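>
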Amino acid sequence: MAEFDKLAVVTGASSGIGFELAKHCAEQGYNLVIAADGSDIDDAAETLRQFGGSVEAVQADLSTYEGVDELYAAVAALGRPVDVLMANAGRGLGKAFLDQDFADIQQVIDVNVIGTTYLLHKFVRDMRDRNAGKVLITGSIGGLLPGSFQAVYNATKAYVDSFAYALRNELKDTDVTITLLMPGPTDTNFFEVADMLDTKVATDKKDDPAMVAKAGYDAMMRGDGHEVSGFANKMQALMSNVLPQGALAERHRQMAEPGTGKQ
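Each residue of the sequence shown is one higher than the one before, starting from 9 at the first, in the numbering used here.
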């Protein structure tokens with residue numbers, strides 16, 4: 009029987025990988041604070057309470073300083089340390105860069121880069137000060153590839169991937185661990201939100217988010233530096249170290265260009 013004497017904070021937890029991460033934490037005896045920008049975070053919390061721990065839902069826009077501060081304040085009000093932080097909130101965006109609305113571009117940058125960086129600065133500083141805690145950051149194998157027709161998204165994930173490795177190194181002499189989860193295409197609402205339903209990557213077979221979440225959780229608990237989930241994604245990551253950038257960009261184009269999806 010789980011004791012529920014630990015606390016996990018999970019962002020982007022209303023669905024997909026984030027929800028599965030929160031679910032896995034609940035199964036392992038963590039109380040939860042979960043956050044997302046939509047009201048469906050309350051539905052996720054109701055589902056997660058069936059595991060027996062406490063679950064607090066915070067609806068906040070984590071692309072803003074105010075939203076991150078709201079989450080941080082909600083956690084601080086509990087008066088207990090964060091044992092696990094899962095920085096999973098992210099946003100995708102498909103189609104050609106010059107055809108995208110710049111407000112949408114700004115939103116992707118604000119969620120994936122600004123919000124994630126600010127979140128980590130707030131929470132991980134507390135972990136460092138008490139010399140304890142585990143962090144899982146959701147990056148992407150997309151961060152290894154020039155993202156034709158996902159140019160801004162992949163660039164933001166390149167930032168996240170690089171940042172996670174750097175932060176891990178800065179904390180190597182502490183008991184705080186940073187683990188980077190690098191999923192590939194996963195069966196979530198990502199492609200719908202990113203307006204990519206007519207692409208090959210959206211219509212091809214994708215990974216199970218529960219499998220991806222478990223792989224990330226297990227890697228975090230081991231203290232690993234990173235986890236590329238799924239054999240095909242591991243091969244893709246290896247290829248990114250071998251193929252020239254132009255070839256990688258063309259390969260990505262074949263997956264993400266509008267109209268390439270199966271009819």
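Cβ atoms here follow ideal geometry from the backbone N, Cα and C, with glycine treated the same way. A quick note: this is a predicted structure, and the numbers were derived from the prediction, not measured.
Does the beta-carbon distance from M190 to D215 come in below 8 Å?
Result no, Cβ atoms of M190 and D215 do not sit closer than 8 Å.
> Kindly indicate which three-state DSSP category A1 falls into: helix, strand or coil?
No information on residue 1 is available, as it lies outside the stretch 9 to 271 that the chain covers here.
> Is N177 helix, strand or coil by DSSP?
In the structure shown, N177 sits in a helix (DSSP, three-state: H, G or I).
> Taking all protein chains shown into account, do 16 or more other C-beta atoms lie within 10 angstroms of the C-beta of H260, making it buried, or fewer, making it exposed?
H260 comes out buried.
> Buried or exposed: which applies to A111, given that a residue is buried once 16 or more other Cβ atoms fall within 10 Å of its Cβ?
With fewer than 16 other Cβ atoms within 10 Å, it is exposed.
> Excluding the 5 residues flanking G100 on each side, which residues of the same chain have their C-beta closer than 8 Å to its C-beta?
Only V116, Q158, Y161, F198, F199, V201, A202 and M204 meet the Cβ criterion.
> Should M9 be labelled buried (16 or more other beta-carbon atoms within 10 Å of its own) or exposed?
Residue placement at M9 is flagged as unreliable, the pLDDT there being 49, under the threshold of 50; a coordinate-derived value is accordingly withheld.
> Mind reading off the beta-carbon distance from T187 to E235? Whole number of angstroms is fine, and I expect it under 8 Å.
Confirmed, about 7 Å.
> For a test of your reading of the model: does the CB of T19 fall under 7 Å from any non-hydrogen atom of the ligand SAM? Yes or no.
The ligand content of the structure shown is nil, which means the ligand SAM is not present either.
> Could you tell me which residues DSSP puts in a beta bridge with V41?
DSSP output for V41 lists V17 and E64 as bridge partner(s).
> For V63 versus L56, is the C-beta distance shorter than 8 Å?
In contact: V63 and L56 (Cβ atoms closer than 8 Å).
> Under 8 Å, do M263 and K213 count as touching if we go by C-beta distance?
No. Outside cutoff.
> Using a Cβ-Cβ cutoff of less than 7 Å, which residues in the same chain neighbour Y167 once the five nearest sequence positions on both sides are dropped?
Answer for Y167: V121, listed in chain order.
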